[in-house]
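Shown next, in structure tokens, is the structure this report addresses.
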Amino acid sequence: MSPLSAGRATAATAMVGAAVGLGTFAWGSLVERNRFTVRHEVLPILEPGSRSLTILHLSDLHLAPWQSEKQEWVRGLSVYEPDLIVNTGDNVGHVDAHAALEYTLEPFRDVAGVFVHGSNDYYGPTPKNPLAYFGGPSKAHRTPTALDIGRMESFFTGLGWLDLNNTARAIEVRGSRLEFFGVNDAHRGWDRLDRLPGALDDMRENVGWQDDRGGPEPIGIALTHAPYQRVLNSFVTNGADVIFGGHTHGGQVRVPGYGALVTNCDIPRSKVSGLSTWSHARRTAHLEISAGLGTSIYAPVRFDCRPEAVVVTLTA
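So the sequence shown is numbered by UniProt numbering: it starts at 1 and just counts up by one.
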């Protein structure tokens, strides 16, 4: 091949590569990030004879005011008639998104629910280099914009949801006794794992069924936004049967046949999303990590990683 022909071949290859790259980015930014889907899981962990429980797991909406398609899609999830909402944080992705969030979640008023926060519930998004994620878990921005976390918490508690940030609560749903505990965003170091044993002791001393020895054994359900190993280990040690988390976005960009490139925390890539298990100190819990429903407005792309809500059915 002559030098001229070789040069033309190289240029053609570069042009094809650029076209493929642009097409992939266009798909991920314009199409796939809005291809919302529902993942269904079944966990047979209730006592024999118990009625099934339908849990709707919502995470990482990163909601912006103009995202009407996402708002309507989430509202439509009420068709599943969940018995319990589990919200693992990063609900808003814009300083003016609270009204949109309230509209989005209003259909779930008076449905039992529990929540923990991610850092994006406290602070607005900031421009970042997406390639920085490949260097390890992302770092906090020096001058973030504070959001109205009080408004969000008031709205959630008004819906009837329980705040589990570094504490424990218990309720009974459809005859099943549920012990909940959770932590604030471990990605920012706001988790207070040292408080959990005391919070669980206080909850168990004051729960309404403590004197009813003939009832079903409680199910332990733990929540974290960011599923760091230290948090998962503590949850398992403290009696969690099921752990819910988010934060990872499922890797957000996956390579077909390989999977997620990053997790944005320290869990293995194989557990970046979906239902798996987590073992520690000879005990094992189910681990449910949502790939989430949104992205940062400054990194609006997903590839081979559709945004999801998760319906988990607990059965006998």
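The beta carbon of each residue, even a glycine, is placed where N, CA and C say it ideally should be.
Check: Along the beta strand (DSSP E) that carries Ile55, what are the first and last residues, could you check?; Outcome: Leu53 to Leu58
Check: Can you tell me whether Ser276 is helix, strand or coil according to DSSP?; Outcome: strand
Check: Tell me where the alpha helix (DSSP H) around Ala99 begins and ends.; Outcome: His98 to Leu105
Check: Leaving out five residues before and five after Thr167 in sequence, what residues of the same chain have Cβ atoms less than 6 angstroms from its Cβ?; Outcome: Ala199
Check: If contacts are defined as beta-carbon pairs under 8 angstroms, then Arg254 and Arg33 qualify, I think. What distance do you get, rounded to the angstrom?; Outcome: Contact flag wrong, Cβ pair sits at about 13 angstroms.
Check: Given 8 angstroms as the limit, is there contact between the region 260-267 and the region 205-220, that is, 3 or more CB pairs closer than that?; Outcome: no
Check: How would you write the range of the alpha helix (DSSP H) that Arg177 sits in, first residue to last?; Outcome: Careful: Arg177 lies outside any alpha helix (DSSP H), inside the beta strand (DSSP E) at Ser176 to Gly182.
Check: On the CB-based measure, 16 or more other CB atoms within 10 Å of its CB, does Ala226 come out buried or exposed?; Outcome: buried
Check: Enumerated in chain order, which unbroken segments of the alpha helix (DSSP H) with a length of 4 residues or greater are wholly contained in the region 203-256?; Outcome: 229-237
Check: Nearest-angstrom Cα distance between Cys305 and Val236?; Outcome: 28 angstroms
Check: Specify the secondary structure class of Phe155 as computed by DSSP and reduced to three states.; Outcome: helix
Check: Beta-carbon within less than 6 angstroms of Leu22's beta-carbon, same chain only, minus the 5 sequence neighbours each way: which residues are those?; Outcome: For Leu22, the predicted model reports a pLDDT of 47, less than 50, meaning its position is unreliable and no value from the coordinates is stated.
Check: Determine the direct distance from the alpha carbon of Asp212 to that of Leu147, and round the result to whole angstroms.; Outcome: 43 angstroms
Check: Would you say Gly245 and Asp60 are within 8 angstroms of each other, going by their C-beta atoms?; Outcome: no
Check: If you measure between the beta carbons of Trp73 and Phe108, is that distance less than 8 angstroms?; Outcome: no
Check: Using the C-alpha atoms, what's the distance from Trp66 back to Glu102?; Outcome: 14 angstroms
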